[in-house]
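Protein chains: 2
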Amino acid sequence: MSIDFDVTSGQTEWRHAVGHGPDGVLRQFRTGPYSFETGGYLPEIVIGYETWGELNRDGSNAVLLEHALTGDTHVARGDSDTPGWWDGFVGPGKTIDTDRFFVVAPNILGGCYGTTGPSTPDQAGRPLGSRFPFTTIRDGVRVEARLADALGIRRWHTVIGGSMGGARALEWAAEFPDRVGNCVVIAACAESTAEQIAFAQIQTQSIRLDPQFRGGDYYGATGPDGTPAPGPVEGLGIARRLAHITYRSEPEMDLRFGRQAQHAEDPFGSAGYDRGRYQVESYLDHQASKLVGRFDANSYIVLTEALMSHDVGRGRGGAQAALSRLSGVRFFVAAVDSDRLYWPEQSERLARLLPSTPPVHYITSPIGHDGFLTDIEQLDGALRAEIFT
Amino acid sequence: MSIDFDVTSGQTEWRHAVGHGPDGVLRQFRTGPYSFETGGYLPEIVIGYETWGELNRDGSNAVLLEHALTGDTHVARGDSDTPGWWDGFVGPGKTIDTDRFFVVAPNILGGCYGTTGPSTPDQAGRPLGSRFPFTTIRDGVRVEARLADALGIRRWHTVIGGSMGGARALEWAAEFPDRVGNCVVIAACAESTAEQIAFAQIQTQSIRLDPQFRGGDYYGATGPDGTPAPGPVEGLGIARRLAHITYRSEPEMDLRFGRQAQHAEDPFGSAGYDRGRYQVESYLDHQASKLVGRFDANSYIVLTEALMSHDVGRGRGGAQAALSRLSGVRFFVAAVDSDRLYWPEQSERLARLLPSTPPVHYITSPIGHDGFLTDIEQLDGALRAEIFT
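Residue numbers (UniProt numbering), protein chains in the order written: chain D, 1 to 389; chain F, 1 to 389.
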């Protein structure tokens with residue numbers, strides 16, 4: 001049986017058998033060398049992942065849960081001390097009932113939550129940085145299949161994800177149709193659209209414009225005085241601000257903030273460049289600050305470009321042909337009614353292209369795309385009736 | 001009578017009497033010192049402007065045409081060799097008939113098309129740069145009133161504008177209600193919203209992040225080898241890309257570009273950071289390139305922050321109170337049905353707050369906000385019937 005290694009310490013040691021361990025605690029699995037879809041190569045890919053529950057004897061109760069762009073493996077609290085980002089959805093007795101299902105949440109290839117990414121050191125100890133290969137969602141799925149092999153999961157009961165996680169779930173079905181029983185695609189689409197690409201371009205450019213980016217090799221950099229340089233936190237912050245606007249809705253922002261000034265600050269109070277802020281600016285500053293404290297800028301670029309590359313029809317004769325072959329997978333498609341990044345029409349189109357032309361289930365929320373995180377419970381009834389029966 | 005000066009040459013000379021001259025040719029008018037709304041001061045403000053047609057004896061046929069954020073004074077070709085940006089709308093026999101009306105188009109305060117802005121030199125010849133005061137749309141209107149005085153226009157027949165030009169027109173009515181006969185506000189709103197402020201913040205931050213910005217004092221800067229530095233063109237380009245997305249619509253971008261690669265480029269073809277582009281990226285690159293070749297980055301910041309400051313109700317007891325006092329002005333409100341920067345609902349709200357509660361006229365276009373430029377002719381019938389009778 002395959003084992004996982006403590007890659008971060010550089011030592012090879014037994015920790016847990018791959019499929020057994022405490023719930024909601026990060027483990028890592030060494031998958032071996034990997035040749036990327038567009039030509040890159042790395043001698044070793046490690047996948048960070050967490051699990052909840054127990055795999056049953058015939059391996060039929062495994063659920064693969066795919067996180068979104070800046071998400072991580074910590075979906076639910078489990079045995080850890082830290083809340084998960086979908087605690088209301090995954091756990092004992094929840095929609096994805098970890099008393100019944102064995103849930104696996106891998107960090108995406110190129111990420112910074114345990115899986116090999118640009119911040120991972122090479123064998124000489126130097127972070128890969130700009131040398132990290134161009135990565136597609138298909139690459140991510142292929143290395144996750146190695147994890148599935150190691151876990152003894154030939155076929156997932158369900159693969160599920162929202163946003164970029166939905167794209168990952170869909171790519172799983174297209175790449176390994178005989179290994180996916182149910183595929184739940186929430187607030188995602190068959191292929192990234194021109195507008196999603198456009199918003200993404202701006203975000204990657206903002207990071208690259210930051211003088212601290214240093215062409216992607218900013219790890220360990222120091223300033224003129226020898227102190228550690230901050231990295232491209234300003235550029236990453238701008239990227240996050242823009243992304244966050246697309247994750248929410250205009251009415252929500254107007255209702256929450258309007259034109260209010262931030263506390264004692266005065267957006268009109270000063271001549272020149274050091275004016276005070278509006279509340280909505282302070283809010284976006286806060287969103288930016290939170291992200292840059294927890295996310296690597298190179299991973300943000302790699303994953304954003306992976307999402308730009310998302311196209312279930314690439315190399316498969318187009319989306320329609322690719323999806324028409326998936327009659328062996330049961331699909332569940334859902335959208336947020338106010339989503340303006342992954343418009344409901346895009347979920348409707350995906351559903352129309354599927355052999356079963358399933359109905360699109362709707363999360364009703366005024367806040368936009370992020371409704372897939374905040375209001376996922378609205379899908380509880382439909383998911384229990386159709387998928388997690 | 002006041003005169004205008006050739007400010008760009010630094011010499012004082014008679015050129016044209018203020019109100020007379022060839023149509024569609026830039027002139028400049030020196031307005032004297034000005035104290036800005038939030039406390040700044042400049043010893044001299046010059047307004048660049050163009051005119052078309054002739055002012056009649058009683059001064060009753062004057063139309064003030066206000067351009068948008070990156071617009072300029074060259075609305076119509078006139079006697080020049082260069083097409084104007086609203087040639088189909090302004091000219092002999094057009095909706096704004098220059099055989100009947102005297103049209104004046106001033107460059108906004110803080111701009112870079114003839115009016116004093118950050119790129120204007122001080123008396124020592126050094127561009128104002130970071131010393132340019134914080135500017136509001138109200139400031140712009142107040143200095144334009146001095147131009148109106150000099151032109152002998154006590155009351156405009158009509159003040160008209162779209163987008164930021166619409167905000168300028170509305171502010172004219174609110175600041176000088178007895179000097180505005182008709183006020184035409186197209187694709188604009190009573191006060192900038194949280195979301196408009198949010199998009200604007202990202203744009204100004206992108207410019208400031210550019211290492212070539214140098215705190216706003218990049219004019220005349222040189223690189224390490226002594227050659228002229230490019231200025232913050234990368235940051236300004238990112239700002240323009242984002243703005244441009246908000247000016248258009250998702251369906252338009254999807255229809256025009258989809259996921260197509262740009263010519264021989266391959267968005268998947270290379271590992272690392274030098275991949276090829278999607279068509280939509282090339283399109284945005286082109287939009288960015290066009291703007292940075294014609295617009296000053298500091299002006300972009302100053303005007304963007306002026307637009308953030310737009311609030312017809314500021315210091316007037318709120319929008320409702322401010323607008324309720326404008327019963328002496330005849331309003332014409334129009335919106336683009338697919339606009340997602342100045343949503344139709346915001347035009348509807350503006351109309352509801354006006355004493356006459358006028359109907360909102362619609363430009364029907366799939367492309368979004370820019371419909372106010374590309375499809376303005378759709379308002380021809382209504383404007384001839386109600387305003388330019």
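For glycine and all other residues, C-beta sits at the position ideal for the given N, C-alpha and C. Predicted model, so just to flag it, every value in this text is computed and none were measured.
At the level of alpha carbons, what is the spacing between D/A194 and F/G39?
Residue mapping note: residue 194 of chain D aligns to position 194 of the first sequence, counting from 1. Residue mapping note: residue 39 of chain F aligns to position 39 of the second sequence, counting from 1. Their Cα atoms are separated by approximately 44 Å.
Over the uninterrupted alpha helix (DSSP H) stretch that includes F/H263, give me the two end residues.
Here residue 263 of chain F refers to the residue found at position 263 of the second sequence. No alpha helix (DSSP H) holds F/H263; DSSP gives it neither H nor E.
For a test of the three-state rule: what should DSSP assign to D/N182, helix, strand or coil?
Start at 1 with the first residue of the first sequence, and residue 182 of chain D comes out as number 182. D/N182 falls in the strand class under three-state DSSP.
Compare the C-beta of F/P211 against all C-beta atoms of chain D and say whether one is closer than 8 Å.
One-based indexing of the second sequence puts residue 211 of chain F at position 211. Judged by the 8 Å Cβ criterion, F/P211 is in contact with chain D.
If you reduce the DSSP assignment to three classes, tell me which class D/S2 lands in.
Residue mapping note: residue 2 of chain D aligns to position 2 of the first sequence, counting from 1. Here the model assigns D/S2 a pLDDT of 31, short of 50, so the residue's position is not dependable, and the following value carries that caveat. Of the three classes helix, strand and coil, the one that applies to D/S2 here is coil, per DSSP.
Spell out whether any CB of chain D is found under 8 Å from the CB atom of F/Y113.
For the purposes of this step, residue 113 of chain F is taken as residue 113 along the second sequence, with counting starting at 1. For F/Y113, the answer is no, since every Cβ of chain D falls outside 8 Å of its Cβ.
Taking 8 Å as the cut-off, decide whether the C-beta atoms of D/I207 and D/V184 are in contact.
As a working note, residue 207 of chain D is residue 207 in the first sequence. As a working note, residue 184 of chain D is residue 184 in the first sequence. No, these two residues do not count as a Cβ contact at 8 Å.
DSSP beta-bridge partners for D/I47?
In the first sequence, residue 47 of chain D corresponds to position 47, counting from 1. D/F29.
Check for me: the alpha helix (DSSP H) holding F/L209 runs from which residue to which?
Position 209 of the second sequence, counted from the start, is the residue given in the question as residue 209 of chain F. Segment 194-209, the alpha helix (DSSP H) holding F/L209.
Determine the contact status of F/G368 and F/V333, defining contact as a CB-CB distance below 8 Å.
Numbered from its first residue, the second sequence carries residue 368 of chain F at position 368. Numbered from its first residue, the second sequence carries residue 333 of chain F at position 333. Against a cut-off of 8 Å, the Cβ pair of F/V333 and F/G368 comes out as no contact.
Mind checking who D/V103 pairs with in its DSSP beta bridge?
Numbered from its first residue, the first sequence carries residue 103 of chain D at position 103. The partner list for D/V103 (beta bridge, DSSP) reads D/W52, D/V63.
Counting only Cβ-Cβ distances shorter than 7 Å, please list the residues of the region 277-296 of chain D near chain F, keeping chain order.
Y278, V280, E281, L284
Is F/R316 close to chain D? Criterion is C-beta to C-beta, closer than 8 Å.
As a working mapping, residue 316 of chain F is identified with position 316 in the second sequence. No, F/R316 does not count as interfacial toward chain D.
Which residues of chain D have a Cβ atom closer than 9 Å to the Cβ of F/I245, listed in chain order?
For the purposes of this step, residue 245 of chain F is identified with residue 245 of the second sequence, where counting begins at 1. Near F/I245 (Cβ distances below 9 Å), the residues of chain D are E195, A198, F199, I202.
Excluding the 5 residues flanking F/T51 on each side, which residues of the same chain have their C-beta closer than 6 Å to its C-beta?
Taking the first residue of the second sequence as position 1, residue 51 of chain F is located at position 51. Result list for F/T51: V104, in chain order.
For residue 390 of chain D, decide whether its Cβ has a neighbour in chain F, counting only Cβ atoms nearer than 8 Å.
Residue 390 of chain D lies beyond the range of chain D shown here (1 to 389); nothing can be said about it.
For the region 154-174 of chain D, which residues have a beta carbon sitting closer than 7 Å to at least one beta carbon of chain F?
none
For F/L341, which residues in the same chain have their Cβ closer than 6 Å to its Cβ, ignoring the five residues on either side in sequence?
Stepping through the second sequence from its first residue, residue 341 of chain F is reached at position 341. The residues are T246, H369.
Taking the beta carbon of D/P230 as the centre, do at least 16 other beta carbons fall within 10 Å, making it buried, or is it exposed?
Start at 1 with the first residue of the first sequence, and residue 230 of chain D comes out as number 230. Exposed.
Listed in chain order, which residues of the region 22-41 of chain D have Cβ atoms closer than 9 Å to some Cβ of chain F?
F36, E37, T38, G39, G40, Y41
Taking 8 Å as the threshold (C-beta atoms), are F/V280 and F/F295 in contact?
Counted from its first residue, the second sequence places residue 295 of chain F at position 295. Counted from its first residue, the second sequence places residue 280 of chain F at position 280. Against a cut-off of 8 Å, the Cβ pair of F/V280 and F/F295 comes out as no contact.
Answer with buried or exposed for D/G216, where buried requires no fewer than 16 other C-beta atoms within 10 angstroms of its C-beta.
Taking the first residue of the first sequence as position 1, residue 216 of chain D is located at position 216. Under this definition D/G216 is a buried residue.
Ordered along the chain, which non-local residues of its own chain (more than five positions away) have a Cβ less than 8 Å from that of D/V90?
Residue 90 of chain D sits at position 90 when you count from the first residue of the first sequence. Counting only Cβ-Cβ distances below 8 Å, and skipping sequence neighbours, we find W52, L65, V75, A76, G84, I96, T98, V103.
Kindly indicate if chain F contains any beta-carbon less than 8 Å away from that of D/R179.
Residue 179 of chain D sits at position 179 when you count from the first residue of the first sequence. Not closer than 8 Å to any Cβ of chain F, the Cβ of D/R179 fails to qualify, so no.
Give me the chain D residues within the contact set of F/L192, using Cβ-Cβ distance strictly less than 8 Å, ordered along the chain.
Indexing the second sequence from 1 puts residue 192 of chain F at position 192. Going by the sequence as given, residue 192 of chain F is Ser instead of Leu. Under the 8 Å cutoff, chain D gives R259.
Within 10 angstroms of its Cβ, does D/T304 collect 16 or more other Cβ (buried), or is it exposed?
The residue you call residue 304 of chain D lines up with position 304 of the first sequence. Classification for D/T304: buried.
For the beta strand (DSSP E) that F/I160 lies in, which residues bound it at each end?
On the second sequence, residue 160 of chain F is found 160 positions in, with the first residue counted as 1. Its beta strand (DSSP E) spans residues 156-162.
Would D/E348 count as contacting chain F if we go by Cβ distances under 8 Å?
Against the first sequence, residue 348 of chain D aligns to sequence position 348. Chain F, which has no Cβ nearer than 8 Å to the Cβ of D/E348, makes this no.
Between the CA atoms of F/H244 and F/E250 - distance to the nearest angstrom
Indexing the second sequence from 1 puts residue 250 of chain F at position 250. Indexing the second sequence from 1 puts residue 244 of chain F at position 244. One C-alpha to the other measures close to 11 Å.
Which residues bound the alpha helix (DSSP H) around F/Y300?
Taking the first residue of the second sequence as position 1, residue 300 of chain F is located at position 300. Its alpha helix (DSSP H) spans residues 297-308.
Could you check which residue in F/V302, F/G24, F/P211 has the C-alpha nearest to that of F/F132?
In the second sequence, residue 132 of chain F corresponds to position 132, counting from 1. Checked all of F/V302, F/G24, F/P211; the closest Cα to F/F132 is F/V302.
Mapping DSSP to helix, strand and coil, what is D/G152?
Taking the first sequence and counting its residues from 1, one reaches residue 152 of chain D at position 152. Note: D/G152 maps to coil in three-state DSSP.
Straight-line CA distance for D/R47 to D/L69?
Within the first sequence, the letter at position 47 stands for residue 47 of chain D. Within the first sequence, the letter at position 69 stands for residue 69 of chain D. Reading the sequence as shown, one finds Ile at residue 47 of chain D and not Arg. Approximately 16 Å between the Cα atoms of the pair.
For a contact defined as C-beta to C-beta under 8 Å, what are the partners of D/S309 on chain F?
The residue given as residue 309 of chain D occupies position 309 in the first sequence. What D/S309 touches in chain F: P267, F268.
With burial defined as no fewer than 16 other Cβ atoms inside 10 Å of the residue's Cβ, what is the status of D/R241: buried or exposed?
The residue you call residue 241 of chain D lines up with position 241 of the first sequence. Buried.
Cβ-based neighbour list, F/G129, same chain, cut-off 7 Å, excluding 5 preceding and 5 following
Locating residue 129 of chain F in the second sequence gives position 129, where the first residue counts as 1. These residues qualify, in order along the chain: P118, G216, D217, Y219, N298.
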